[in-house]
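Single-structure report; data block below.
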Amino acid sequence: MATLFPSGILFDGIVYRILPGGYAVIGAAAMTGAVTHTVSTAVICFELTGQISHILPMMVAVILANMVAQVIAHYTPVTCPTSQSL
């Protein structure tokens, strides 16, 4: 996005800057949330950055990544021994 719009995006007379660091933090929060199957990583990353403008995209990304991880987890073979296999 920053390459396509180096000066930002003009919307309703206001130029919104594109910050690549925000995308990196949101991606890191989404991956951590998907791996740990928790949503609290969004809150932790929000507290670390302190950027209130990133909270909504971060929550959406973490929830979607968590949903995808749960769907994928149902189709992967379980490698842990269960009580039935012992």
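For the sequence shown, my numbering gives the first residue as 1039, with consecutive numbering after it.
Even for Gly, the Cβ is constructed at its ideal location relative to N, Cα and C.
Which listed residue (the options) has its alpha carbon closest to that of residue i
{"i": "V1098", "options": "L1042, A1111, I1047, I1064", "result": "I1064"}
{"i": "Y1061", "options": "P1095, V1077, V1109", "result": "P1095"}
{"i": "I1093", "options": "T1074, S1078, I1047", "result": "S1078"}
{"i": "T1087", "options": "V1109, G1059, T1076, M1105", "result": "G1059"}
{"i": "A1111", "options": "T1074, L1042, I1047", "result": "T1074"}
{"i": "A1107", "options": "T1076, F1084, S1091, C1083", "result": "T1076"}
Beta-carbon contacts of residue i that lie in its chain and below 6 Å, excluding the five residues immediately before and after
{"i": "A1080", "result": "A1067, M1096, M1097, V1100"}
{"i": "A1103", "result": "A1068, G1071, A1072"}
{"i": "I1082", "result": "none"}
Cut-off 8 Å between Cβ atoms - residues of its own chain near residue i, not counting five sequence neighbours on either side
{"i": "F1043", "result": "I1056"}
{"i": "V1109", "result": "none"}
{"i": "G1046", "result": "V1053, Y1054, R1055, I1056"}
Are the segment 1069-1084 and the segment 1047-1057 touching by the rule of at least three beta carbon pairs closer than 8 Å?
-> no
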